[in-house]
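Asks: Supplied in structure tokens, the structure appears directly below.
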Amino acid sequence: MAQVMSKELLPIERVSPADEPAILALNNEHAAELSWLEPERLSFLLDEAFYTRRIGALEAFILCFDQDASYDSPNFLWFRERYTRFVYVDRVVVAAGARGRGHARRLYEDLFEHARRAGHAIVTCEVNADPPNPASDAFHAALGFAEVGDAVIHGGKKSVRYWAKPIVA
68 MAQVMSKELL PIERVSPADE PAILALNNEH AAELSWLEPE RLSFLLDEAF
118 YTRRIGALEA FILCFDQDAS YDSPNFLWFR ERYTRFVYVD RVVVAAGARG
168 RGHARRLYED LFEHARRAGH AIVTCEVNAD PPNPASDAFH AALGFAEVGD
218 AVIHGGKKSV RYWAKPIVA
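For reference, each letter of the sequence shown is one residue, going 68 to 236 in this note's numbering.
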């Protein structure tokens, strides 16, 4: 079944349990930038998530937590130590064949609106510093994120920069 590309924007939809195999595959294709997930871990994270959406069959997805999540990521915990209330973008992935179509920007804009309606005033994320990710740095800066800190994690194997964007209610 071939997909026909059109100029129409694919809808942003809530992730359902039926989406988990495709999300797992897309996530694990990008495990170096994100982190490898086993099916049980993905199910747990989706249950804990504040916001999770996808575009298309799985052209892109985003997974976010708020301060109340039961999540042990060192990056998430860094924000929880510093902010009483926040939304943390844990991962956003766009499939290689779907890049350049504005999917990540649309997912973030939808997240900002969802977070605003839920009474949040700040959205946070981290971007790898080593290995560097200049495209992600530029993307987040263009969305209005500013760097608020950094850390070396995973026993020195990775360094990250922490970013935050205020959103107005």
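For every residue, glycine included, the Cβ atom is placed at its ideal position computed from N, Cα and C.
In this text, all values refer to a predicted model and were calculated from it rather than measured experimentally.
#1: Once the 5 residues before and after residue 242 are set aside, which same chain residues still bring their CB inside 8 Å of it?
#2: Within 10 angstroms of its Cβ, does residue 114 collect 16 or more other Cβ (buried), or is it exposed?
#3: According to DSSP, simplified to helix, strand and coil, what is residue 146?
#4: Where does residue 145 land, buried or exposed, given buried means 16+ other C-beta within 10 angstroms?
#5: I need the boundaries of the alpha helix (DSSP H) containing residue 105, first residue and last residue.
#6: Assuming residue 160 and residue 208 are in contact, meaning their beta carbons sit under 8 Å apart, how far apart are those beta carbons, in whole angstroms?
#7: Where does residue 95 fall in DSSP's three states?
Replies: Looking at the coordinates:
#1: Residue 242 lies beyond the residue range present for the chain, which begins at 68 and ends at 236; the question has no answer from this structure.
#2: exposed
#3: helix
#4: buried
#5: Here residue 105 belongs to no alpha helix (DSSP H), and DSSP marks it neither H nor E.
#6: In fact, because the Cβ distance is near 20 Å, the residues do not count as touching under 8 Å.
#7: Helix.
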